[in-house]
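So for the sequence shown, the numbering used here puts the first residue at 1027; every next one is plus one. By construction, the Cβ of each residue, glycine as well, lies at the ideal position given by its N, Cα and C atoms. This one's a predicted model, so the numbers in the text were calculated from it and none came from an experiment. Report on one structure; see the data block that follows.
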Amino acid sequence: MKAADRILARRYARAFVAACGGKPRAGVEALAAQRGQLDGVMEYLASPLIPARVKSDILNGRLPAGKGAAAFSLLELLLGVRRFNLLDAVLADAQALCDEREGIVLSRVVSAAPLDRENTAVLKRALERLSGAQVRLETAEDAALIGGFTARVADTLVDASARGAAERLKKQISGGAY
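As structure tokens, this is what we get:
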């Protein structure tokens, strides 16, 4: 995503959170739910080749009336200004703003294999102790880690992967700094 689009997405997110008044989390959840109902038609809604009237009809046909007024208004605005391609970035930024207000930190965890519920819960508690804050986990898999995981919480990187251990051992053996 271009830097200008990134900045614009943040501005839309701030305006959306402000428009939600005293319940920004509910607004973000409504926006996320509406975004989920648009799976399969996002490429049409973001396409500059589809006429605005057709896009509006798609949007109105997919989403129930009256649910999440602020969220629906944002979707209509993004359609109107031909910036629907920013929706996912706006949603992520609005989520981050809500998390920041509530003292929640985002932790991105990448594991060699999918984590089950028990391991996810244990890892979440450990990261909360490490950060001293409530943690919201985003998980992904990367087989290149061989085993274990990496986790980023704010500015702290925890590398508990087999690949990371092998790289540290290689540096240590070759006389490099640890």
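| query | result |
| --- | --- |
| Cα separation between THR1146 and ILE1076? | 42 angstroms |
| Using CA coordinates, which residue listed in ALA1138, ALA1096, GLN1160 and LEU1149 is at the minimum distance from ARG1127? | GLN1160 |
| Between the C-alpha atoms of ASP1065 and LEU1149, what's the straight-line distance to the nearest angstrom? | 31 angstroms |
| Give me, in chain order, the residues of the same chain whose beta-carbon lies closer than 8 angstroms to that of SER1082; leave out the 5 immediate sequence neighbours on both sides. | GLU1102 and LEU1105 |
| Measure the alpha-carbon distance for ARG1051 versus ASP1185 and round it to whole angstroms. | 31 angstroms |
| Based on the DSSP output, what are the partners of LEU1183 in its beta bridges? | ARG1178 |
| Relative to the alpha-carbon of VAL1131, which residue among ALA1166, GLN1121, ARG1079 and ALA1138 has its alpha-carbon at the smallest distance? | GLN1121 |
| Buried or exposed, going by whether 16 or more other CB atoms sit within 10 Å of the CB of VAL1135? | buried |
| I need the straight-line Cα distance from PHE1042 to LEU1171, nearest angstrom please. | 38 angstroms |
| Within 10 angstroms of the Cβ of GLY1158, are there 16 or more other Cβ atoms? Answer buried if so, exposed if not. | exposed |
| Quick check: the Cα distance between ALA1058 and LEU1117, rounded to an integer number of angstroms? | 7 angstroms |
| Measuring only the C-alpha atoms, how far is ARG1079 from LEU1071? | 11 angstroms |
| Which residues does DSSP list as the beta-bridge partners of SER1133? | LEU1163 and VAL1179 |
| Mapping DSSP to helix, strand and coil, what is LYS1049? | coil |
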